[in-house]
Every structure is written in structure tokens, then in C-alpha cells.
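Trainee:
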Ligand code: PMV
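Numbering (my numbering), first residue to last: 78 to 398.
1) Quick one: residues in its chain with C-beta nearer than 8 Å to the C-beta of residue 223, no 5 flanking neighbours on either side, listed in chain order?
2) Roughly how many angstroms lie between the CA atoms of residue 95 and residue 307, to the nearest whole one?
3) For residue 102, which residues in the same chain have their Cβ closer than 7 Å to its Cβ, ignoring the five residues on either side in sequence?
4) Please report the distance separating the alpha-carbon of residue 154 from that of residue 219.
5) Residue range of the beta strand (DSSP E) that residue 89 falls in?
6) When you compare the CB positions of residue 390 and residue 249, do they come within less than 8 Å of one another, or not?
7) When the Cα of residue 84 is compared with those of 161, 313, 207, 163, which residue comes out closest?
8) With a CB to CB cut of under 8 Å and the five nearest residues on each side skipped, what residues in its chain are close to residue 370?
9) How many angstroms separate the CA atom of residue 342 from the CA atom of residue 352?
10) In whole angstroms, what is the alpha-carbon distance linking residue 133 and residue 204?
11) Per the contact definition of three or more C-beta pairs closer than 8 Å, is the segment 156-170 in contact with the segment 126-141?
12) State the start and end residues of the unbroken alpha helix (DSSP H) segment that holds residue 315.
13) Any idea what DSSP makes of residue 141, helix, strand or coil?
14) For residue 81 versus residue 121, is the C-beta spacing smaller than 8 Å?
15) How many angstroms separate the CA atom of residue 292 from the CA atom of residue 284?
16) Could you pull out every unbroken beta strand (DSSP E) segment of at least 3 residues lying fully inside the segment 349-385, listed in chain order?
17) Spatial neighbours of residue 319 within its chain, please: CB distance less than 7 Å, with the 5 preceding and 5 following residues excluded, ordered by chain position.
18) Once you ignore the five residues that flank residue 332 on each side, which residues in its own chain have a CB closer than 8 Å to its CB?
19) Given this structure, state the Cα-to-Cα distance separating residue 124 from residue 197, to the nearest angstrom.
20) What are the start and end residues of the alpha helix (DSSP H) that includes residue 188?
21) Does ligand 1 have even one heavy atom less than 7 Å from the beta-carbon of residue 185?
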């Protein structure tokens, strides 16, 4: 069967940085994200005896090397689960630049997990789909369920998965994706996770991050935007403090990244309220209320070095289209 799926990227407000188990991708800490509505990956897959080997096309190019190996390994996991040996043809398209800190591996592996498992005849419950996506790329497990999603770290393959704590309609916040450079990030996220523990700050971060997660969940329950935003910024900076002080150190920011951070903070003093977060890369996500979206978009577009601002909102998880 041929199956086509859309999976969104997700934006972490409490980050996953560093693993307890690298192979199973068990995170060092529980974390929390929202699914985006527009940014994502469309993947079409077919298993058939007419294929003599797996073929993988991403964004119009035949995949090779490490990228292809990662996809084929995931196909092997799906084949193992279904006890089927057929080869597959995978065609995947991101509607945004990949490897630029916009979480293409999250949407990509969520899309591959849902489309692959369906096409091979499996009907996995949401929890098992999340676990499968997690082994492909940790944060992908948060792109299966809709809206506000918590990834409970767990300590083995069975109990480390993500689930929706509130659906996409619960609280209408907007996300402005500020693109500053389309260059691939200098160090791939998988390699970054490996060095997280070499930072002197990693232990301190771990001692605090789950308390921050609990506080954040309370701010979401109360729909307290200022509290949520402050925790979100502190969290992004705490993760980047670990990155900046690991060995080798990971400096993902550009001068433009700092310019956007400072602009957001200055506008807040003038009562235009928004908050930033950043992943592995130079690009910045700005979170705001619907009423401020247009004004912020206009202001962000005027900042020197901003290539494009994409509007997004909180959306549903992976689905067949
Ligand atoms: O799932 P990975 O290995 O691409 O890691 C995601 C890491 C961050 O985007 C920096 C944080 C997160 O929780 O999404």
C-alpha cells in the first residue's frame, strides 16, 4: 500500500539536550513542546516486492551516506516489527530548510514512522508510534500527538514516550519563525547531544530543568503567558549555556541571532510582549499572542539580517493525508 503522511515539526519550550541512553534515545530529562501547524514534512512510502533495494529521496535529492543510513535503519525497525522483508520507496519533502535548527528530523522521523508502519500493515497505538519515532530521532516522538506535548523521559524503551497534555485548540498562541540563515548548522544535533555531559553546567541544568518543567505546566494550566514566556527563555538560554561550555564548544548563534533576542526583550519593555526560543542553529522562534502577531512580524522583518519570517501556530500531530 502507498501511504502519504504529514507530520509537523515541534517547538520545545523545555528542551531535550543530552541522553541517558544514546542507542534508545532516552533523554536525560523530561521535556515539553508544541506541534506547529504549518511547518512540517510530507512523506510518501510504498513497500513492494518490485523494489530490490530501499530508495530514499529527500527534498528532490536521492539521499546518500549518513542521512540514507538513518532512514534505512528506521525502515529495518518497521520491517522487524511487522516481520516483513519488503524493500521500500520513500519520497519526503520538507516545507522549510532542513538542518538549520528548525527540527526537520522531528517531522521527518514522525512522518516516516506513521507512513511506514501504516504502509506495512501495522496499526500502532499512539504511544507505540511515539516510541518508534523516538528511536529514529528523539524529538520526533513529540510530533505524533497534537497540541501541547510532554515527553516523559522514562528509563527504558517501553516507558519513554510523548503524549498530548492539551490539544491544539487549548490556547491560541502564535509562533514566528525568524530565518536568519539557510546554512546547515555547524554541528549536527546527534553529535551535539553526545558532548552535552562534558559541560560543567550540565549537572546543574539537570538538577533544575524538571522543576522548571513542572512550573511551566502550571503556567500553561493557568494560561499565564508572561510566566510561560520567562520560563521558555530561561530554558533556551540554559540549554545554550551547556552548548557553549561543552567540549568541543557549540556556538550556534550568529550576530543576527543576538540582535533578534535583544529586540524581543526591548519590545517587551515597550509592552509588546513576546518571548524567544532557539534550538541547534542560528534561527529564532518568537512566541506571542494573536493580537501582537502582525505588529511583531513587521518589526522582525525590518531587523538587519532577517531573511524571512514565517507565521505559524499550534497544530495537530502526524496524520495521513
Ligand atoms: O531530536 P533531536 O536529536 O533532533 O534533538 C532535538 C534537540 C533540540 O531541538 C535542541 C531540543 C528539542 O527538545 O527539540
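Every residue, glycine too, gets a C-beta built ideally from N, C-alpha and C.
Mentor: According to the data block:
1) Here the question's residue 223 lines up with position 146 in the chain shown. If the five residues before and after residue 223 are omitted, its C-beta is found closer than 8 Å to the C-beta atoms of 112, 241, 244, 245, 392, 393, 394, all from its own chain and listed in chain order.
2) Against the chain shown, residue 95 aligns to sequence position 18. Against the chain shown, residue 307 aligns to sequence position 230. Cα-Cα distance, rounded: 23 Å.
3) Working through the chain shown from its first residue, we reach residue 102 at position 25. Cβ contact annotation for residue 102 (same chain, cutoff 7 Å, sequence separation greater than five): 96, 211, 212, 215, in chain order.
4) Taking the chain shown and counting its residues from 1, the one referred to as residue 154 is at position 77. Taking the chain shown and counting its residues from 1, the one referred to as residue 219 is at position 142. Counting only the Cα atoms, residue 219 lies some 19 Å from residue 154.
5) Taking the chain shown and counting its residues from 1, one reaches residue 89 at position 12. Segment 79-91, the beta strand (DSSP E) holding residue 89.
6) Within the chain shown, the letter at position 313 stands for residue 390. Within the chain shown, the letter at position 172 stands for residue 249. Result yes, Cβ atoms of residue 390 and residue 249 sit closer than 8 Å.
7) Here the question's residue 84 lines up with position 7 in the chain shown. Measuring from the Cα of residue 84, the nearest candidate turns out to be 207.
8) Here residue 370 corresponds to residue number 293 of the chain shown, with the count starting at 1. Within the same chain, residue 370 has close Cβ partners 251, 253, 388.
9) Reading the chain shown from its first residue, position 265 is the one you call residue 342. Reading the chain shown from its first residue, position 275 is the one you call residue 352. C-alpha separation (whole angstroms): 8 Å.
10) Position 56 of the chain shown holds residue 133. Position 127 of the chain shown holds residue 204. Cα to Cα, residue 133 sits roughly 26 Å from residue 204.
11) yes
12) Your numbering for residue 315 matches position 238 in the chain shown. Per DSSP, residue 315 belongs to the alpha helix (DSSP H) from 302-321.
13) Mapped onto the chain shown, residue 141 falls at position 64. Residue 141 falls in the coil class under three-state DSSP.
14) By 1-based counting over the chain shown, the position of residue 81 is 4. By 1-based counting over the chain shown, the position of residue 121 is 44. Their beta carbons are under 8 Å apart, which means residue 81 touches residue 121 by this criterion.
15) In the chain shown, counting from the first residue as 1, residue 292 sits at position 215. In the chain shown, counting from the first residue as 1, residue 284 sits at position 207. Those two C-alpha atoms are separated by around 14 Å.
16) For the segment 349-385, whole beta strand (DSSP E) runs of length 3 or above, ordered along the chain, are 351-354, 361-365.
17) For the purposes of this step, residue 319 is taken as residue 242 along the chain shown, with counting starting at 1. Once the five neighbours on either side are set aside, the close Cβ partners of residue 319 are 94, 273, 276, 278, 279, 282.
18) Here residue 332 corresponds to residue number 255 of the chain shown, with the count starting at 1. These residues qualify, in order along the chain: 382.
19) Counting from 1 along the chain shown, the entry for residue 124 is found at position 47. Counting from 1 along the chain shown, the entry for residue 197 is found at position 120. Taking the straight line joining both Cα atoms gives about 7 Å.
20) The residue you call residue 188 lines up with position 111 of the chain shown. Where residue 188 is concerned, the enclosing alpha helix (DSSP H) stretches over 181-196.
21) What you label residue 185 is simply residue 108 of the chain shown in a count that begins at 1. False, no ligand heavy atom lies under 7 Å from that Cβ.
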